[in-house]
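**Student:**
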Amino acid sequence: MMKNVYKTKVAALLTVSAMLAAGCSTSTSGSVKDTSSSSTATTNTSSTDANKANAQLAGLKLDDLVKYDADDTKVNWDAEKSTSITLSGAGANVVKGSGAKVDGSVITISSAGTYVLSGKLSDGSIVIDAGDDDIVHLVLNGAQIQSSTSSAIHVKGAGKTVLTLSEGTENVISDGKTYTGQESAKDGPTAAIYSKDDLTINGTGKLSVQGNFKDGITSKDDLKIVSGTLNITAADDGIVGRDLTAVKEGNITIQAGGDGIKSTNDSGTDKGYLVIGAGAFVIDAGSDGLQAATSMLINGGSYNLRTGGGNAKAEPHKEEQPPQRPDAQGQTKSKENEQATPSTANTSKSTDSAQADSEDSETPSTKGLKAASGISITNGIFNIDSAMIRYTVTAV
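Residues -22 to -1, 1 to 374 (mature numbering (1 follows the signal peptide of the UniProt record, and there is no 0)) make up the sequence shown, in order.
(1) Based on Cα-Cα distance, which residue from THR231, ASP221 and ALA136 lies nearest to LEU208?
(2) Below 6 Å CB to CB, which residues in the same chain sit around GLN269 once its five sequence neighbours on both sides are set aside?
(3) Below 8 Å on the Cβ atoms is my guess for SER76 versus ASP101; work out the distance and round it to an integer in Å.
(4) By a C-beta neighbour count over all protein chains shown, 10 Å radius and 16 as the cutoff for buried, is VAL187 buried or exposed?
(5) State whether the stretch 140 to 147 contacts the stretch 172 to 183, with contact taken as three or more CB pairs (one from each stretch) at a distance under 8 Å.
(6) My assumption, with CB atoms under 8 Å, is that THR285 sits in contact with GLY346. Please give the rounded CB distance.
(7) Please name the residue in GLU58, LYS45 and LYS98 whose C-alpha comes closest to that of ALA68.
(8) In chain order, what residues of the same chain have a beta carbon less than 6 Å from the beta carbon of TYR281, not counting five sequence neighbours either side?
(9) Classify SER15 as buried or exposed, calling it buried when 16 or more other Cβ atoms lie within 10 Å of its own Cβ.
(10) Relative to the C-alpha of GLY137, which candidate in ILE195, VAL150, VAL114 and GLY120 has its C-alpha closest?
(11) ALA48: buried (16+ other C-beta within 10 angstroms of its C-beta) or exposed?
(12) Within 10 angstroms of its Cβ, does residue 390 collect 16 or more other Cβ (buried), or is it exposed?
(13) Measuring only the C-alpha atoms, how far is ALA170 from VAL80?
(14) Tell me, which residues are paired with THR92 by DSSP?
(15) Provide the residue(s) that pair with TYR251 in DSSP beta bridges, ordered along the chain.
(16) Note down, in chain order, each residue of its chain lying with its Cβ closer than 6 Å to the Cβ of ASP214, except the 5 sequence neighbours on either side.
(17) Take the Cβ of THR61 as the centre, count every other Cβ of all protein chains shown within 10 Å, and call the residue buried at 16 or more, exposed below.
(18) What's the gap between the Cα of ASP244 and the Cα of ALA271?
(19) Taking only three categories from DSSP, how would you classify GLY67?
(20) Within its chain, find whatever has a CB closer than 8 Å to the CB of ASP206; leave out the 5 residues flanking it on each side and keep chain order.
(21) Report yes if the CB atom of GLY279 is closer than 8 Å to the CB atom of ALA263, and no otherwise.
(22) Assign LYS134 to one of three DSSP states: helix, strand, or coil.
(23) I need the DSSP call for ASN243, collapsed to helix, strand or coil.
(24) Whose CA, out of SER197, PRO167, SER66 and ASP153, lies closest to the CA of VAL140?
(25) Considering only the alpha carbon of each residue, which of ASN119, ALA290, GLY287 and LEU283 lies closest to THR64?
(26) So, with DSSP's three-state summary, where would you put ASP50?
(27) Buried or exposed for GLN124, going by 16 or more other Cβ atoms inside 10 Å?
(28) Is SER66 buried or exposed, if buried means 16 or more other CB atoms sit within 10 Å of its CB?
(29) What is the DSSP secondary structure of GLU148, reduced to helix, strand or coil?
(30) For THR158, is the classification buried or exposed, using 16 other Cβ atoms within 10 angstroms of its Cβ as the cut-off for buried?
(31) Quick one: complete beta strand (DSSP E) runs, 3+ long, within the stretch 183 to 229?
(32) Given that a residue counts as buried once 16 or more other Cβ atoms are within 10 Å of its Cβ, and exposed if not, what is GLY352?
(33) Taking ASP101 as part of the beta strand (DSSP E), name the residues at either end of that continuous run.
(34) For residue 383, which option in GLY288, ASP107, VAL117 and ALA365 has the closest C-alpha, if you only look at C-alpha atoms?
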């Protein structure tokens, strides 16, 4: 028993060390705060705020931030009480039940209930436009949905949409590289699976998502992943939640041009959390692997994170040369054919150039883990290969 506890502590320490190398600081509580953009002018204030944030974060538990209710965990359905939809080529047939309407290649669901989708839709979409209190249970039972002009699954409105991956099935969702019509509006969808309201994914089946336009899976409210095997490829971000992004467990593989998994609401300390209980994660992201708009809590899981092309893409370390040894008269020798005293104008110009170089050379964040307020890790195995650090850290 003591041996296991020791391993857990070592894992946490190594993980924190990895994030510190990527520009983070930690309090004695073990939580971590991102400090990559802090300035010397606000060091004292930032330090006080950080201590408060870390103290608050250390007192939080996963159950304080995310609740998985009966709808979130429901994976079974009654065939007699469900609406069955068979996808076929450029259209679909509502085989049995109500609440769904087919108009060409667009299937619209307008009321609460369970809808079971199977078959292949070659160029169309599933639109959920239900009431504010409606719970829509969408079961993917061996479904392939592809759209060339929009999101493949678009939740315009509902109290909550629960997407279940039926046991033993493989499901494929992909969107178009460009959106047309209302889908291309400024506040329109941005992901292959897009929801304006709460979205939950559960089940034991497999889901492959190709986000060609921008993101793979996005919710503009709470996004919960209870279980399932997800394989996501996205032009930008892999999985995006707004007020909350939570993973209970699952096997998640992401190839993303932007961030891997993130939350985006930074408007208050009670929102924008990224909370992970367990799971196996393999993420190759152009930017950050895991990113929280406020705080991040991790209770366990295994994480293989490669960001920004990995440590092979890190800028080479520049060794600083020691000062030159003074001569017998106490003067530092200058290089041959070099003027000993540069002018004030040249010095000023050099400073300006250095500032310009610094501003122009700023690059997007490519950290393994990043949070605006803090990171709390109680368990987990991490293998981080980031362009922000010059080595890979594995915690075991």
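Every residue, glycine too, gets a C-beta built ideally from N, C-alpha and C.
**Tutor:** So, from the data block:
(1) Translated into positions along the sequence shown, residue 208 becomes position 230. Nearest C-alpha to LEU208: THR231.
(2) Taking the first residue of the sequence shown as position 1, residue 269 is located at position 291. A distance below 6 Å between beta-carbons, with the five flanking residues on each side excluded, links GLN269 to the following residues of its chain, in chain order: ASP237, LYS240 and LYS348.
(3) Position 98 of the sequence shown holds residue 76. Position 123 of the sequence shown holds residue 101. Not quite, the Cβ-Cβ distance comes to about 26 Å (not below 8 Å), so this is no contact.
(4) Stepping through the sequence shown from its first residue, residue 187 is reached at position 209. Answer is buried; the Cβ neighbour count reaches 16.
(5) Counting Cβ pairs under 8 Å, three or more are found: they touch.
(6) Taking the sequence shown and counting its residues from 1, the one referred to as residue 285 is at position 307. Taking the sequence shown and counting its residues from 1, the one referred to as residue 346 is at position 368. Cβ-Cβ separation between THR285 and GLY346: approximately 6 Å, consistent with a contact (criterion under 8 Å).
(7) On the sequence shown, residue 68 is found 90 positions in, with the first residue counted as 1. In terms of CA proximity to ALA68, LYS98 leads the group GLU58, LYS45 and LYS98.
(8) Numbered from its first residue, the sequence shown carries residue 281 at position 303. PHE259 and PHE360.
(9) Here the question's residue 15 lines up with position 37 in the sequence shown. Confidence at SER15 is low in this model, with a pLDDT of 34, below 50, so the placement of that residue is unreliable and no value is reported for it.
(10) As a working note, residue 137 is residue 159 in the sequence shown. The option with the nearest alpha carbon to GLY137 is VAL114.
(11) Along the sequence shown, one-based indexing puts residue 48 at 70. ALA48 should be labelled exposed.
(12) Outside the displayed range of the chain (-22 to 374) lies residue 390, so it cannot be described from this structure.
(13) Indexing the sequence shown from 1 puts residue 170 at position 192. Indexing the sequence shown from 1 puts residue 80 at position 102. Computed Cα separation, rounded: 20 Å.
(14) Working through the sequence shown from its first residue, we reach residue 92 at position 114. In the DSSP assignment, THR92 forms a beta bridge with HIS115.
(15) If you number the sequence shown from 1, residue 251 lands on position 273. LEU222, per the DSSP bridge assignment.
(16) Here residue 214 is taken as the residue at index 236 of the sequence shown, counted from 1. Cβ contact annotation for ASP214 (same chain, cutoff 6 Å, sequence separation greater than five): LYS192, ASP193, GLY235 and GLY236, in chain order.
(17) Looking up residue 61 in the sequence shown gives position 83. Its Cβ being crowded by 16 or more others within 10 Å, THR61 is buried.
(18) The sequence position of residue 244 within the sequence shown is 266, counting from 1. The sequence position of residue 271 within the sequence shown is 293, counting from 1. If you draw a straight line from the Cα of ASP244 to the Cα of ALA271, it comes to about 5 Å.
(19) On the sequence shown, position 89 is the one that residue 67 refers to. Here GLY67 sits in strand by DSSP.
(20) Locating residue 206 in the sequence shown gives position 228, counting from the first residue. At residue 206 the sequence reads Gly, which differs from the Asp that was named. Within the same chain, GLY206 has close Cβ partners LEU143, ILE179, ASN180, GLY181, THR182, GLY183, LYS184, LEU185, GLY228 and ASN229.
(21) One-based indexing of the sequence shown puts residue 279 at position 301. One-based indexing of the sequence shown puts residue 263 at position 285. For GLY279 and ALA263, no; Cβs fall outside 8 Å.
(22) Taking the sequence shown and counting its residues from 1, the one referred to as residue 134 is at position 156. It is a strand residue.
(23) Taking the sequence shown and counting its residues from 1, the one referred to as residue 243 is at position 265. ASN243: coil per DSSP, three-state reduction.
(24) Mapped onto the sequence shown, residue 140 falls at position 162. Nearest of SER197, PRO167, SER66 and ASP153 to VAL140, Cα basis: SER197.
(25) Taking the first residue of the sequence shown as position 1, residue 64 is located at position 86. Looking only at ASN119, ALA290, GLY287 and LEU283, the smallest Cα-Cα distance to THR64 is reached by ASN119.
(26) As a working note, residue 50 is residue 72 in the sequence shown. Residue state for ASP50 is assigned as helix, using DSSP reduced to three classes.
(27) Here residue 124 refers to the residue found at position 146 when the sequence shown is read from its first residue. By the neighbour-count criterion, in which 16 or more other beta carbons inside 10 Å mark a residue as buried, GLN124 falls on the buried side.
(28) In the sequence shown, residue 66 corresponds to position 88, counting from 1. SER66 comes out exposed.
(29) Counting from one through the sequence shown, the residue named residue 148 turns up at place 170. GLU148 falls in the strand class under three-state DSSP.
(30) Taking the first residue of the sequence shown as 1, we reach residue 158 at position 180. Per the 10 Å Cβ criterion, exposed.
(31) Runs of the beta strand (DSSP E) inside the stretch 183 to 229: 184 to 189, 193 to 197, 200 to 203, 207 to 212, 217 to 219 and 222 to 225.
(32) If you number the sequence shown from 1, residue 352 lands on position 374. Under this definition GLY352 is a buried residue.
(33) As a first step, residue 101 is located in the sequence shown; it is residue number 123 there, counting from the start. If you look at ASP101, you'll find it isn't in any beta strand (DSSP E); DSSP assigns it neither H nor E.
(34) Summary: the structure shown does not reach residue 383, with the chain confined to residues -22 through 374, and so no result is reported for it.
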